[in-house]
Amino acid sequence: MGLHNFLKEYIHGFWDYETPKVMVVKNRTLGVIYRASCLYVFISQKAYQESETRPESSVYTLMKGSAIHGDEILDTVEYAQPSEGGDVISTILRREFTFNQRQGTCAEHFNVANANCTTDSDCVEGEVNFSGHGRRTGRCVQYYNHTFKTCEIQSWCPIEEYAVVREPPLEEAINFTVFIRNSIHFPKFKVLRGNIKDARNKRDIKRYLNKCHYDEERDPYCPIFRLGYIAAQARENFSELCNTGGVIGVFINWKCNLDLDPSHCKPTYSFRRLDLRKDLPDAGYYYRFAKYYSKDGEETRTLIKAFGIRLDIIVHGHAGKFSPIPTIISTVTAMTSVGICTIICDWIMLTFIDKNEVYSERKFDEVSKKKRERYSLNATQFHLSPQIPYPQSSATSTASAQTILTCQTAYPCDQSPRWPSAWTPHHQLWQTATASQVSVTAHFDTVLMLVGIKTGKRKRSLWKSLHKTVSSL
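Under my numbering, read the sequence shown as residues 1071 to 1543, first letter to last.
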């Protein structure tokens, strides 16, 4: 039964209509809390500023460093892609080589779908498997030095999976540096800023850039970053990145208060891994390229599969400056809307101040059909008489109002109810309602509602006064 009653009340209450009610609370403490909360939100959210969130941005990157890998010396040209820089730059940390590839025919790799065969009929001539390495010739051949057979293909041979040579990762790349130059323009405010520290002349800037490395605490305005520092800030292990590769986002955030001097407009940096994690099969970052040469008069290539770190430079900008229009709009909105300040003050009022439930009784009203019926009058007790002349002056209004109601035999006319003086400005409304000799029940609620709205603060007292007068009949 408890659950049944709960569901019944919930379903009935779901269709209730709620409308705001204005209640003025004469409490100095609550008023101070409300205004202080509005002022705090107004200042902390900078509601007095005009803002711009889509700035124009330019990014230039440059990677520096060198390393000795076996007998090979690697410099920027070898491991940095692209060499001209941009908002995306990558560095090679590990390579896999397939040497001496030439165009010809060879056996397909056995992991390719439908590549294994026993006779030529198992291989369809001209068929291309997009997960394979080339076009099938229709022959079934021995897979290099193994005993089983696969379909023959036209491709660069030998295929990568068979002849690949893997080299160890380039651990020395942890000390490679990336120079990131970012310029940002807020066209609405005509402000142009850069992420390089301000200096008196170019020589001082060059001297500063030759020795600085970015550090959030010691040197936050240096645009040169170590790869090891970037990986650590992104919470990644550099050795694992060397094996699988990865994509890291470098976020440059500009949050500028242009009410201050533009020199205070400085960027902040954050770093985060953008690609899928290393525990997934397709995780990491790699790409392929080839070096071509001629050998014995035939075109030959070395295929290189490169694993590395790719840096995506992502710029966000927000600038604000004082403007009278948003100040006026925010002020009016704060005074009229129901926001967080109103919610906080309502909670304080109902929880800590409303000890005797005085405020809660006036704040929450429930209006239902049963409650309205208590204020309805029986139409058979008395009727309105339109023949009674309407009083023309305030001096005679009280006397004339006594005769507006014509009583039946059970109620002598000298005992008819008297009208409250507050109804005097609304006699015309009452006369209109009584012009057709309709019953009080038909217009009683409507007239009282309209007059109650007109009389403002005396709404409740007028209602009770009239109800008391009618009840005394």
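The beta-carbon is built from N, C-alpha and C at its ideal position, and this holds for glycine as well.
### Task
Report buried or exposed for tyrosine 1160, applying the criterion of at least 16 other Cβ atoms within 10 angstroms of its Cβ.
For the sequence presented, residue 1160 should be read as serine rather than tyrosine. Its Cβ being crowded by 16 or more others within 10 Å, serine 1160 is buried.
### Message
Check this for me: beta carbons of threonine 1220 and tyrosine 1214, under 7 angstroms apart or not?
### Response
no
### Message
Can you tell me whether glutamine 1094 is helix, strand or coil according to DSSP?
### Response
A small correction: the amino acid at residue 1094 is valine; glutamine does not occupy that position in the sequence shown. Valine 1094 falls in the coil class under three-state DSSP.
### Task
With DSSP collapsed to three states, give me the class of isoleucine 1474.
Here the model assigns isoleucine 1474 a pLDDT of 38, short of 50, so the residue's position is not dependable and the matter cannot be decided.
#### Entry: Any 3 or more C-beta pairs closer than 8 angstroms across the segment 1163-1181 and the segment 1228-1246
yes
#### Entry: Spatial neighbours of lysine 1267 in its chain, beta-carbon cut-off 6 angstroms, leaving aside the 5 residues before and after
Tyr1291
### Message
Below 8 angstroms on the Cβ atoms is my contact criterion, and I expect glutamate 1306 with arginine 1343 to pass it. Report the Cβ-Cβ distance as a whole number of Å.
### Response
6 angstroms
### threonine 1314 (DSSP reduced to helix, strand or coil)
helix
### Query
To the nearest angstrom, how far is it from the Cα of glutamine 1173 to the Cα of arginine 1371?
10 angstroms
### Query
Short check: CB of glycine 1316 to CB of isoleucine 1374, under 7 angstroms?
No.
### Message
Cutting at 6 angstroms between CB atoms, please list the residues of its own chain near glutamate 1178, excluding the five before and the five after it.
### Response
Ala1185, Gly1202, Thr1220, Cys1221, Ile1223
### Task
Give the DSSP-derived three-state secondary structure of arginine 1343 in the structure shown.
strand
### Task
Using three-state DSSP, classify cysteine 1108 as helix, strand or coil.
In the structure shown, the three-state DSSP call for cysteine 1108 is helix.
### Query
Can alanine 1137 and serine 1400 be called in contact, C-beta distance under 7 angstroms?
At least 7 angstroms separates the beta-carbon of alanine 1137 from that of serine 1400.
### Query
Does DSSP put aspartate 1382 in a helix, a strand or coil?
strand
### Cα-Cα separation, tyrosine 1357 to phenylalanine 1169
17 angstroms
### Task
Compute the beta-carbon to beta-carbon distance between lysine 1258 and glutamate 1122, rounded to the nearest angstrom, for a pair I have assumed lies under 8 angstroms.
Between lysine 1258 and glutamate 1122 the beta-carbon gap is near 5 angstroms, inside 8 angstroms, which marks them as a contact.
### Query
Which partner residues of tryptophan 1324 appear in the DSSP bridge assignment?
Pro1337, Gly1387
### For asparagine 1307, three-class secondary structure by DSSP
For asparagine 1307, the three-state secondary structure derived from DSSP is coil.
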